[in-house]
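S.K.:
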Amino acid sequence: MSMFRLYAVVACLLSLALAQPFAVLAQEENLEEAIDAVLEAWNTSASPGAAVAYVDSGEVVFEKAYGLANLEHGITWRTDTVSDLGSVSKQFIGFAFALLAEQGRISLGDDIRTHLPSLPDLGATITIKNLFHHTSGLREIYNTLYMVNRRSGDIIFQEDAQKLVSYQTKLQFQPGSQYLYNNTEYMLLADIIEAVTGEQYHEWMTRNIFEPLGMMDTTIMHRQGQVISRVATSYVREQGEFTQRYDNSTLQGGGGIYSTVEDMTRWIANFSSHQVGTAQTFEILTESGFLNNGESLDYGLGIGVEQRDGVESWSHSGSSAGYRSMLVYLPEQERGYIFMTNTPSLGAPAQTLTQAFLGDVLDTTAEEDEGEEEEEIAEAALPLEDPTLYTGRYLSDELEAFYRVQLDEGILILRHRWLGEFPMEYRGEDEFSFSNRDGSLSFVRDDSNEISGFVFDNGRTIGVEFHRFE
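Heads up: the sequence shown begins at 3 in the working numbering, then just goes up one per residue.
1. Could you have a look at residue 197 and say whether DSSP puts it in helix, strand or coil?
2. With the cut-off set at 8 Å, would you say residue 363 and residue 408 are in Cβ contact?
3. Could you check where the beta strand (DSSP E) with residue 61 kicks off and where it finishes?
4. Can you tell me which of the three DSSP states residue 272 falls into?
5. Report the partner residues of residue 469 according to the DSSP bridge assignment.
6. Tell me residue 55's beta-bridge partners as DSSP assigns them.
7. Output the boundary residues of the alpha helix (DSSP H) element that contains residue 167.
8. By DSSP, does residue 79 sit in helix, in strand, or in coil?
9. Please list, in chain order, all residues of the same chain as residue 6 whose beta carbon is under 8 Å from its beta carbon, the five residues on each side excluded.
10. Determine the contact status of residue 87 and residue 261, defining contact as a CB-CB distance below 8 Å.
11. Specify the secondary structure class of residue 117 as computed by DSSP and reduced to three states.
12. When you compare only the Cα positions, how much space is there between residue 185 and residue 158?
13. Per DSSP, which one or two residues make a beta bridge with residue 243?
14. Look at the alpha carbon of residue 60 and the alpha carbon of residue 319, and state the distance between them as a whole number of angstroms.
15. Here's the rule: buried if 16 or more other CB atoms are within 10 angstroms of the residue's CB, otherwise exposed. What is residue 437?
16. Using 8 Å for Cβ pairs, my map puts residue 270 next to residue 361. What's the rounded Cβ distance?
17. Using the C-alpha atoms, what's the distance from residue 353 back to residue 317?
18. Return the bridge partner residues of residue 205 from the DSSP annotation.
19. Can you tell which of 240, 359, 291 and 267 has the C-alpha that lies nearest to the C-alpha of residue 347?
20. Do the region 271–284 and the region 90–105 meet, that is, are 3 or more Cβ pairs less than 8 Å apart?
21. Residue 79 and residue 39 look like a contact to me (Cβ under 8 Å); what is the Cβ gap, rounded to whole Å?
22. Going by Cα to Cα distance, which pick from 226, 228 and 429 is closest to residue 441?
23. Mapping the DSSP letters down to three states, classify residue 71 as helix, strand or coil.
24. In the DSSP assignment, the alpha helix (DSSP H) including residue 134 goes from what residue to what residue?
25. If we count Cβ pairs, one from each stretch, closer than 8 Å, do we get three or more for the region 291–298 versus the region 102–118?
26. Could you check where the alpha helix (DSSP H) with residue 159 kicks off and where it finishes?
27. Rounded to whole angstroms, what's the CA-CA distance from residue 93 to residue 177? Just pull it up for me.
28. Is it right to say residue 163 is buried, meaning 16 or more other beta carbons lie within 10 angstroms of its own, or is it exposed?
29. Find out if the Cβ-Cβ distance for the pair residue 181, residue 303 is shorter than 8 Å.
30. Based on Cα-Cα distance, which residue from 268, 198, 138 and 193 lies nearest to residue 254?
31. If I follow the unbroken alpha helix (DSSP H) through residue 97, where does it start and stop?
32. Give the secondary structure of residue 374 by DSSP, where H, G and I count as helix, E and B as strand, and everything else as coil.
33. Just to confirm my understanding: we take residue 359, look at its own chain, exclude 5 residues before and 5 after, and list those with CB closer than 6 Å. What are they?
34. Going by other Cβ atoms of all chains shown within 10 Å of its Cβ, with 16 needed for buried, is residue 449 buried or exposed?
35. Identify which residue in 109, 237 and 124 has its Cα closest to the Cα of residue 325.
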């Protein structure tokens, strides 16, 4: 090779080597502009904020924070600001069980009463898989407690899950026959880890998952009033102003994990590096559950698993007080992102972020066009000949709470001391719906054809029975 040609080759290679960083930089600049546009509402010095990070092949490609972590003191969000992950936490306990199952310390087919023998026998076997796949038939803790005297933001303790189950008189449905998203189940899963390992849940998770991955700013709220360093304050917008919304619960398993986008990039990177766990661990984690009829749930051990246009994605969203989060990962492309914010009031950018980060292989714009909108036709309430047949007081032995059904200016109203009033609309054959909330109420009659009680169903809490007493 001539000296001239050698110089030409070297020059060509050098030019390519120098050009590559600039090409990558240009792509990153374009990406930053795109994400800045998506999160424009968060990027102010007077509103709650957010942070986002994007990982490609185990490397952090983009990481940025916006807005304020605390309005009172003007503290800005940073990429090491801590925030509540909400239900994004569920995949961590799924990963814990995948590790334990791979080690032979537990089977996902175990009857949960094998590990929690104090739970009542409700007439059917509930397995660990049923808990993970939201198919147990147990009552959901938030919805059930809200039927009594709890409100959003009230404290729920970890021990409340087993207490709720101990009061349940029968299952809402046979295990495996229906899917009903349920936090009670995940709280019980945390209790099972403690029973199997002999350690407190938060300590086992820290020692076996967080610390080995270098997630040193990730912690589990296990104590009421627990102080967590650098945590963002949670806000919602009420009457045009931002208001703090507290979450002082000690719920574990279904939520309760506080982390940063920096730590979460380490979690996402582990999906491909298997620094903790093996390929089999992730196969267990992301194997979709099925109903008894064979229908796929597109849901693994605390993480959504679905195929869209031939592309597999793992994802989960999170919501707790005013905190919101979203994680999306494409395992075949080894790419994913985490988004965290301390308010839901500025919008829901998950679909737009997915399009910005992953839109070249996962087209989310088609989701907006799927299906045709159907015109809703309001169903008029039927006339009720004698509404006084239904008035009276009704008690639920299971919930240890009672409601009143009263007549007010010709309208039947379901009243609760703390929860307020719910006007009822007659649908025929002792069936009623509500004009200001989801759900239905079905009255039952005794052998004398007298009204003896009702069964309440709001779609999440099914078949709560109330009996009439004077």
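Quick reminder that beta carbons are idealized off the backbone N, C-alpha and C, glycines included.
M.R.: The short version:
1. helix
2. no
3. 61–68
4. helix
5. 397 and 455
6. 65 and 340
7. 162–169
8. coil
9. The predicted model places residue 6 with a pLDDT of 32, which falls under 50 and marks its position as unreliable, so this point remains unresolved.
10. yes
11. helix
12. 11 Å
13. 240
14. 21 Å
15. exposed
16. With 8 Å as the limit, residue 270 and residue 361 do not qualify as a contact, their Cβ atoms being about 18 Å apart.
17. 12 Å
18. Paired residues: none, contrary to the question.
19. 240
20. yes
21. With a Cβ gap of about 18 Å, residue 79 and residue 39 do not count as contacting.
22. 429
23. strand
24. 130–134
25. no
26. Here residue 159 belongs to no alpha helix (DSSP H), and DSSP marks it neither H nor E.
27. 21 Å
28. buried
29. no
30. 193
31. 92–104
32. For residue 374, the pLDDT reaches just 40, beneath the cut-off of 50, and the residue's location in the model is therefore unreliable, although a value from the coordinates is still provided. Coil.
33. 56 and 339
34. exposed
35. 237
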